[in-house]
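In the numbering used here, the protein residues as written are 20 to 283.
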């Protein structure tokens, strides 16, 4: 009898020591049913969510596309006349409606597209979406569509008769005379200025000067030969580009560049 009592006491002591050690090693389970508390408050595994919820939660972050207004790095001395915006647009349900100066209404469906930029100035309006470039003018019968290169950053410059959308690789020019988008490739150069006076567009880059006659869509250019333009001026009969002691004059009559040495 004494031996049986001795064995029971040893068994109880060993059990108490083992229980104390287990509780100390597992504090989260201290006196609680493992089916309660910690496990019941866990987030539901993604595999138990609906397919639509999983699609939303696992969707990649939206790419931030930036369209900003272009700021010229070259001084523009052009005396611009007062320019009045002669058309307007309003945003409807999944559409943009342009109202021309003659009262005509032209609508464009934006279903499936996201509008990044919209502006009217002078005789034209443009839209930049995640898929297309769109332009309309007072001589349009519909929104003219162009396709951009698909980069993330664009800069926009508006003129009275033309608008320019610039990326790091290309120029997209909307011509309100022809209602056409023209693409100009950039060859390791940076756009420094843009100007539009009447039917002429003047663009300077780090490598060249570009003059575009809008009615004929003819492009003229002159290499800068490692020189920089610091100032330009557009007039009715010519365009002056100043570079230190030299001047490049583009004459409208001859449609050519003339180099003038200002030190003579």
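Every residue, glycine too, gets a C-beta built ideally from N, C-alpha and C.
Item                                                                                                                                                       : Value
Looking only at C-alpha atoms, which of 217, 116, 164 sits nearest to residue 202?                                                                         : 164
Any idea what DSSP makes of residue 55, helix, strand or coil?                                                                                             : Reliability fails at residue 55, whose pLDDT of 47 lies under 50, so the model's placement of it is uncertain and no value is given.
Can you give the Cα-Cα distance for residue 229 and residue 215, rounded to whole angstroms?                                                               : 12 Å
So, at 6 Å on beta carbons, what are the nonlocal neighbours of residue 222 in its own chain, with the 5 sequence-adjacent residues on each side left out? : 213, 229
Which class does residue 182 belong to by DSSP, given the choice of helix, strand or coil?                                                                 : strand
Run the CB neighbour count on residue 179, radius 10 Å, all protein chains shown included, and call it buried at 16 or more, exposed below.                : buried
At the level of alpha carbons, what is the spacing between residue 126 and residue 141?                                                                    : 19 Å
Pick from 85, 245, 231: whose alpha carbon is nearest that of residue 169?                                                                                 : 85
Pull up the distance between the alpha-carbon of residue 103 and that of residue 198, whole angstroms please.                                              : 19 Å
Spell out the partners DSSP gives residue 189 in its beta bridges.                                                                                         : 204
What is the C-beta distance between residue 167 and residue 184, in whole angstroms, given that I count them as a contact (C-beta under 8 Å)?              : 7 Å
Output the distance between the C-alpha atoms of residue 258 and residue 155, rounded to the nearest integer angstrom.                                     : 27 Å
Shortest alpha-carbon distance to residue 16 belongs to which of 161, 149, 244, 119?                                                                       : Residue 16 lies beyond the range of the chain shown here (20 to 283); nothing can be said about it.
Verify whether the separation of the beta carbon atoms of residue 193 and residue 176 is less than 8 Å.                                                    : no
Run the CB neighbour count on residue 219, radius 10 Å, all protein chains shown included, and call it buried at 16 or more, exposed below.                : buried
Once DSSP output is grouped into helix, strand and coil, what is the label at residue 168?                                                                 : coil
Excluding five sequence neighbours on each side, which residues of the same chain lie with their C-beta closer than 8 Å to the C-beta of residue 135?      : 84, 86, 147, 148, 149, 173
Can you give the Cα-Cα distance for residue 244 and residue 226, rounded to whole angstroms?                                                               : 7 Å
With burial defined as no fewer than 16 other Cβ atoms inside 10 Å of the residue's Cβ, what is the status of residue 48: buried or exposed?               : The predicted model places residue 48 with a pLDDT of 49, which falls under 50 and marks its position as unreliable; any figure quoted below should be read in that light. The residue is exposed, with fewer than 16 neighbouring Cβ atoms inside 10 Å.
For residue 199, which residues does DSSP report across the bridge?                                                                                        : 194
Return helix, strand or coil for residue 95, following the three-state DSSP convention.                                                                    : strand
May I have the straight-line CA-CA distance separating residue 232 from residue 276, to the nearest angstrom?                                              : 14 Å
Going by CA-CA distance only, name the one from 266, 273, 200, 263 that's closest to residue 236.                                                          : 200
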